[in-house]
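Residue numbers (this note's numbering), protein chains in the order written: chain F, 33 to 627; chain V, 33 to 627.
Protein chains: 2
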Amino acid sequence: MAHYNPPIRDMQFVLHEVLDVDTALGEMPAHGEVNRELIDQVLEEAGKFCSEVVFPLNRPADEQGCRHEGDGVVRAPDGFADAYRQYCEAGWPTLTCDPDFGGQGLPHVIGMAMQEMLNSASQAWTMYPGLSHGAYECLRAHGTDELRQLYLPKLVSGQWTGTMCLTEPHCGTDLGLLRTRAEPQDDGSYLVTGNKIFISAGEHDMAENIVHLVLARLPDAPSGTRGISLFVVPKFLPDANGNPGQRNGVVCARIEEKMGIHANATCVMNYDGATGWLVGEANRGLNAMFVMMNAARIGVGLQSLGLMEVAYQNAAAYARERLQMRSLSGPKAPDKPADPIIVHPDVRRMLLTQRAWIEGSRAFASWLALQADIADSHEDESVREQAEEMLALLTPVVKAFLTDNGFAATSMAMQVYGGHGFIREWGAEQYVRDARINMIYEGTNGIQALDLLGRKVMQDGGAKLRKFGALVRELVETEGTRDEMAEFIDPLADLAGKVEKFSMEIGMKAMQNPDEVGAASVDYLRVIGHLVLGYFWARMARVALDKKDSGDRFYEAKLAVARFYFARLMPETAALMRSARSGADNLMAMDAELF
Amino acid sequence: MAHYNPPIRDMQFVLHEVLDVDTALGEMPAHGEVNRELIDQVLEEAGKFCSEVVFPLNRPADEQGCRHEGDGVVRAPDGFADAYRQYCEAGWPTLTCDPDFGGQGLPHVIGMAMQEMLNSASQAWTMYPGLSHGAYECLRAHGTDELRQLYLPKLVSGQWTGTMCLTEPHCGTDLGLLRTRAEPQDDGSYLVTGNKIFISAGEHDMAENIVHLVLARLPDAPSGTRGISLFVVPKFLPDANGNPGQRNGVVCARIEEKMGIHANATCVMNYDGATGWLVGEANRGLNAMFVMMNAARIGVGLQSLGLMEVAYQNAAAYARERLQMRSLSGPKAPDKPADPIIVHPDVRRMLLTQRAWIEGSRAFASWLALQADIADSHEDESVREQAEEMLALLTPVVKAFLTDNGFAATSMAMQVYGGHGFIREWGAEQYVRDARINMIYEGTNGIQALDLLGRKVMQDGGAKLRKFGALVRELVETEGTRDEMAEFIDPLADLAGKVEKFSMEIGMKAMQNPDEVGAASVDYLRVIGHLVLGYFWARMARVALDKKDSGDRFYEAKLAVARFYFARLMPETAALMRSARSGADNLMAMDAELF
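So this is what it looks like as structure tokens:
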């Protein structure tokens, strides 16, 4: 009943018309051959794969869920393994990977578009290959040559999948408490023993081997986060030819029943003297894992972007078709028994809210992916550094802002259906359930907010934030003189000025009382989210204004959504700043026992 | 693993200390014997029943769901029928019912407290008896003497349960489109034929008979809403002694799979020449049904209040126990491996948000229930009228504001748990899924907002709203001179002034363009919600200030939550008014085909 049309046109608008990634990539030797034609071709093929092969599995797989069959065997829902086989055969896992290990070496901006579409098609399915990519990045950055040669080609081809094993029953956010132990063996390997929970794609029947990246403590490790090391622990130990050999001592003890992403196995993994190898330096495991976590955080933002898009498409179609009540300003479809509900202002408000979050987020996330390409591949070190800084600053924003909005937006999509939205049949409620986890995993959104304000903004005295502010100012200066841009530029310039003052105020208060950081952080992150989205909406509006007489109604819609964003969504910042400014006292005054 | 402690102390605070319902009820002959002792006794017993008998069923019943066994047989989850038997034996269904039909005649304020606690214990279970009460109210107001004598005693005792059969596949909000037909028979009965969907508690094995109140059209009925009549259609036709006799032609064809309230059967009901009797006048069925719908809308607000309370209690307990990270301002539990997460400002922000919504809503809903008692039982007609007006004005607010907040608050409760919140085991995610339907049924929250602004505020030129405003002004005038009340009274007075201007502005715009109503309505309802909650929070703060030196820390907590509400939640109104003021153009500009 549900449908998914890959939003190729809007992706092309963002990549070619707004960000001009073709030119930007052309300046990088690694991507010199990437051009518009190639990008469009990949988008088309990727969209076809996602909508035709993966999307049809999404709802039945949610109904069926995963099955834990004893002896640690876990079966993914019907059709998942076959779709994964097709995915590998078509070479999709190799898209952005290093050619040295079998990858196609395409830029992140393209990979990002593919990720969005895969998540629209099925977040639960996409998590199986999604985690492999994280394991690939981590081993590539920190593994020994031997480990890289052994594992990377298999992860790149998709023959093997990966996991991240961090959480234990008593520690999630606070990894310093973790207890899994690794005992060194004479041959240089380690025996890993402990209990990990919430391991997504920890066990399944879609690939011939599973490569676990596991945080554990060495016997002599200091306590806390400075005593954590990273190990690679395969499900099957590679034999002399690098093929899956002996079964290793790691077993899935249970899969969790949960609110959403039913089709992805969330595993309790027991390590009982499992053989593993150290990745990176001893006691520096958290550092090595951060490579994987940062990529994963952007990936989570893309999960919500994908869910918002598909939820929106179906809600909009429903709103155009469902006949119910007459427009308050007189019948719009007098020949029908009632008007389609899209005539009602509040239905439009819900749909436009979704559109504004989606299209703004797509521009933001694409730009961030381009920063990742620049950081990886630009020839000029200072350009690479600036891109690294933007990535560091805005990774918590793309994670938390997109996923908070993603939950609200999918819930609005569901609301458009009225009672039918609550019924499984229509598919709308699944997007809400799936979107909910994105606010939690890979660091809760509260943790993202602390990371942004406490670490990314305050630790360098706002230097990185000012660099983003300079981009905004540049746009304001260039466009501020064009009357037709005033409705976009004025509120953006106003917000940018307020953010500067607001950041300084919090910084001053935090020097007196560190709790002021935590008291302001969540509101602060949303304010920065609006600054970023406002910047991209203004850039998009500029392009759309230039082309509004082209006859292509795409630009007309873009301008309408831009106007809606500035008029109806950005005003939230007024409330957020007022709330944050009220300070820590109203939060900290009450005794814990009175809660 | 989850727990529920009936919030008796806070209920007593609201009923006795803030609203002084004892005095108010004492003035009504029907409730002259109701006093504090009686109220407290009922609250205690009700709390015990809810927490001990109903609450333990909630999670297993959600897992098990209802079973449709063919031949129209539907089984409620294990234990539901037995709990319902105990509920009836203890006389709980009779609590607020008319003594003429076997009721205890207690006031709505007490019934409301019971409803809140039942919903904390299990919303899905509570919907079985909850719908009976609506059917009782409707038949009592509009049934013939014969129908009343036949059906009311059975509904009051709980022997029979009731349903509301409005929705059809092609019509929910727009009942004017409905197609179910009723053919008059020679004996004065009707044969009802048609198809109804989303019938909560439409079929089950908890009671010996089910009384459907069904909207249908007579053969000669005009089209639209003025051609709808109401019929009572029992599952079993009463025999000569009023006992269940012959099976009637109404059958449950299917139960829906849905996001939440799994333990309540949402039925597709087929009427195939089922025998029914007219309730109220022909073609005035919608009018008769409105009695039921208004009570049901307040009931839905109470569902979310109940869910927020139990979700909060468990999240707060988790936050006091879960050790993770150190406080930013230095260790608070140095003897433990980490601090309990309640030391973190953002965890407190999430918990205090829930508390502020819960306690403010409890005061609001209790006051509204008292208005219902006044409307029913006060001797002075003008006092009854004013109470009726407050009920009419604020019913859409208690429905939509409490349920929007209820979804956000239960989601915040879940967020406190981190990853554990997403796992079924902890129970937190069920409250989110259950809370989601409350924004939809009994009129979507968008419809409530239109009802508030378009009908309740604009149709009488703001007269009813000004009457509520007079209560606010009275409080502002009395308390405005007390310095210690300034932090509560100043923002309330400020908001009250703005609401007046804001309402007039929208009224003026709407005269030019009716779409301005729909464009402002949802934001408007939230603003009014804050005006109402701000009023009750200020009243509660006044009482708490008076007693803050009593040594009872309850008042200390109350003041802390009041401060939090005004500092952190009420500022939302700034954004809402700015968004609403942007008008209809940004919503209506885009062509439907561009969505």
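Cβ atoms here follow ideal geometry from the backbone N, Cα and C, with glycine treated the same way.
Distance check between ARG117/F and each of THR193/F, GLU474/F, LYS290/F places THR193/F closest, using alpha-carbon atoms only.
The beta carbon of GLY259/F sits no closer than 9 angstroms to any beta carbon of chain V.
Chain-order list of chain F residues neighbouring SER614/V: ALA599, ARG600, by C-beta distance under 7 angstroms. One finds nothing in chain V with a Cβ atom closer than 7 angstroms to the Cβ of GLY539/F; even the nearest lies about 14 angstroms away. Legend: CB atoms of the region 541-552 of chain F lying less than 7 angstroms from CB atoms of chain V belong to residues ASN545, PRO546, ASP547, VAL549, GLY550, ALA551. When the five nearest sequence neighbours on each side are left out, the beta carbons in the same chain lying within less than 6 angstroms of the beta carbon of ASN90/V are those of SER154, in order along the chain. Three or more Cβ pairs closer than 8 angstroms define a contact, and the region 355-373 of chain F falls short of that threshold against the region 532-544 of chain F. As DSSP reads the structure, MET196/F sits in a beta bridge with LEU245/F. According to DSSP, residue pairing for ILE293/V in a beta bridge does not occur.
A contact is defined here as three or more CB-CB pairs under 8 angstroms, and the region 145-163 of chain V fails this definition with respect to the region 197-209 of chain V. Interface with chain F (9 angstroms Cβ-Cβ cutoff): ASP623/V is included.
Judged by beta-carbon spacing, TYR36/F lies within the 9 angstroms limit of VAL342/F, meaning their Cβ atoms are closer than that value. Here the alpha carbon of PRO139/F sits roughly 15 angstroms from the alpha carbon of LEU423/F. In the structure shown, ILE231/V adopts extended strand secondary structure according to DSSP, grouped into three states. Along the region 373-404 of chain F, the positions whose C-beta sits under 9 angstroms from a C-beta of chain V are ILE373, ILE374, VAL375, HIS376, PRO377, ASP378, VAL379, ARG380, ARG381, MET382, LEU383, LEU384, ARG387, read in chain order. Per DSSP, PRO363/F lies in no beta strand (DSSP E) segment and is marked neither H nor E. The Cβ atoms of PHE454/V and ILE472/F sit closer than 9 angstroms to each other. With 16 or more neighbouring CB atoms inside 10 Å of its own CB, THR298/F falls in the buried class.
Taking C-beta atoms as the reference points, GLY111/F and PRO92/F count as a pair closer than 9 angstroms. The Cβ neighbour count for PHE322/F, taken over all protein chains shown within 10 Å, is under 16; the residue is labelled exposed.
Contact of LEU482/F with chain V is assigned, a C-beta pair being separated by under 9 angstroms. When DSSP states are grouped into helix, strand and coil, ASN326/V belongs to the helix group. Note on geometry: alpha-carbon atoms of ASP483/V and ALA327/V lie some 15 angstroms from one another. Leaving aside the five residues that flank PHE87/F on each side, the residues in its chain whose CB is nearer than 6 angstroms to its CB run, in chain order, TYR36, ALA153.
Interface criterion not met: the Cβ of CYS98/F is under 9 angstroms from no Cβ in chain V. Following the DSSP letters along the chain, one finds ARG279/V inside the beta strand (DSSP E) bounded by residues 276-279. Listed in chain order, the alpha helix (DSSP H) elements of length 4 or more contained wholly in the region 567-624 of chain F are 585-596, 604-613, 617-620. Within its own chain, the residues whose Cβ lies closer than 8 angstroms to the Cβ of VAL508/V, once the five positions on either side in sequence are excluded, are ILE521, LEU524, ALA525, ALA528, listed in chain order. Within chain F, the residues placing a beta-carbon under 8 angstroms from that of CYS203/V are GLN356, ordered along the chain. DSSP places THR55/V within a helical segment (H, G or I) once states are collapsed to three. Counting only runs that start and end inside the region 477-515 of chain F, the alpha helix (DSSP H) elements of at least 4 residues fall at 477-482, 495-511.
Distances from the CA of TYR463/F to each of ASP218/F, GLU413/F, TYR344/F were compared; the closest alpha carbon is that of TYR344/F. Only residues of its own chain outside the window of five on either side were considered, and among them VAL593 have a CB closer than 6 angstroms to the CB of ARG387/V, listed in chain order. The continuous beta strand (DSSP E) containing PHE268/F extends over residues 268-270.
Going by DSSP, GLU169/F is part of no beta strand (DSSP E) but of the alpha helix (DSSP H) stretching over 155-174. Leaving aside the five residues that flank THR605/F on each side, the residues in its chain whose CB is nearer than 7 angstroms to its CB run, in chain order, LEU527, VAL559, HIS562.
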